[in-house]
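Position 60, counted from 1, in the sequence shown is what my numbering calls 729; the numbers after and before it change by one each time, with no gaps.
Beta carbons: idealized from backbone N, C-alpha and C, even for Gly.
Here the structure is a predicted model, which is why all the values come from computation and not from measurement.
Remarks on the structure that follows.
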Amino acid sequence: MKLTILGTGNAAVTECYNTCFVLSEGDRHFLVDAGGGNQILKILKDVNIRLEDIHDIFLTHEHIDHLLGLIWIIRMTGQKMNQGAYEGELRIYCHSDLAGKITTIAGLTIQKKVTKHIGGRIRFIEVEDGDSREVIGQKVTFFDIGSTKAKQFGFSMVTAEGRRITCCGDEPFNECQERYVRQSDWLMHEAFCLYSEADKFRPYEKHHSTVKEACELAEKLGVMNLILYHTEETHLPVRKKLYTEEGKQYYHGNLFVPDDKEVFEI
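So this is what it looks like as structure tokens:
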């Protein structure tokens, strides 16, 4: 399985893209969030993933840096459906509060000749805490992350080979997630900034964590591979080096601090 990191930044970044990624099994793709704008279309093109090959999308929550890119994907996919250039359906997985909000935004901003597909070939699949679905041939279990802000879900995927890939969304670990996170082969976790710069970036006020906390968590719960994302952008040229140096003080597994468009074999 291939993991393509499309964006790595938090909501306010301008020098990289907002956090989102794709899990791929052959020519089947599972897009997780879509960032905040139509740059998602260019990034997908750059990493050679066609919209025509994306049939499964998961939206973690309603914040604009995760949702608005999806509106562009709905628009372009609907247009391709009208042109006979998209086969099958687009399935959007989300918690029960989100489908109506996405439909409303799309209805207010996209022509009816496109939005007519919503509820038909563009289909929402509402998930509840603990629900499992088969996505790109893998078992995916969705879970409520216990957010104190907007309602948000993460997921844990078990591959055909038995590897577990867990995504905690863009907030710090909550104990309600432990059964999904513990001993994950791969954990994707936010790290807003370096612990050494917490006074500067104030991650706790935004309900985010630092590299230190994310790495301490992964160490405690026996995670084999840890990917850190949803970061600030002031250190982009040396972010990988700085975050890895700090993280390795607290975590002894394989630590990755990806750049936008970086690809992993998992």
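Start-to-end residues for the alpha helix (DSSP H) that takes in K889:
Counting along the chain, the alpha helix (DSSP H) containing K889 begins and ends at 880-889.
Buried or exposed: P906, going by 16 or more other Cβ atoms within 10 Å of its Cβ?
P906 comes out exposed.
Would you kindly report the start and end of the unbroken beta strand (DSSP E) that includes L895?
Note, L895: beta strand (DSSP E), 894-898.
Along the chain, where does the alpha helix (DSSP H) containing K910 start, and where does it finish?
Counting along the chain, the unbroken alpha helix (DSSP H) around K910 starts and ends at 908-916.
Counting along the chain, where does the alpha helix (DSSP H) carrying H735 start and finish?
In the DSSP annotation of this structure, the continuous segment of the alpha helix (DSSP H) that includes H735 starts and ends at 733-751.
Cα-Cα separation between G695 and M670, rounded to whole angstroms
Rounded to whole angstroms, the separation of the alpha carbons of M670 and G695 is 8 Å.
Where V930 falls: helix, strand or coil (DSSP):
Note on identity: in this sequence residue 930 is Lys, with Val being the wrong assignment. Coil, per DSSP.
Coil, strand or helix - G757 by DSSP:
Residue state, collapsed to three classes: coil.
Would you mind sorting G757 into buried or exposed? The rule is 16 or more other CB atoms within 10 Å of its CB.
Taking all protein chains in view, the Cβ of G757 is surrounded by fewer than 16 other Cβ atoms within 10 Å, so the residue is classified as exposed.
By the three-class DSSP mapping on this structure, what secondary structure does Q852 have?
The answer is coil: DSSP assigns Q852 none of H, G, I, E or B.
Own chain partners of F870 with C-beta closer than 7 Å, once the 5 adjacent residues on each side are dropped
A distance below 7 Å between beta-carbons, with the five flanking residues on each side excluded, links F870 to the following residues of its chain, in chain order: F861, C862, E901.
Return the first residue and the last residue of the alpha helix (DSSP H) that V783 is part of.
Unbroken alpha helix (DSSP H) run through V783: 781-784.
Excluding the 5 residues preceding and the 5 following F690 in the sequence, name in chain order all residues of the same chain whose CB lies nearer than 7 Å to its CB.
Around F690: L672, T673, I674, L675, V701.
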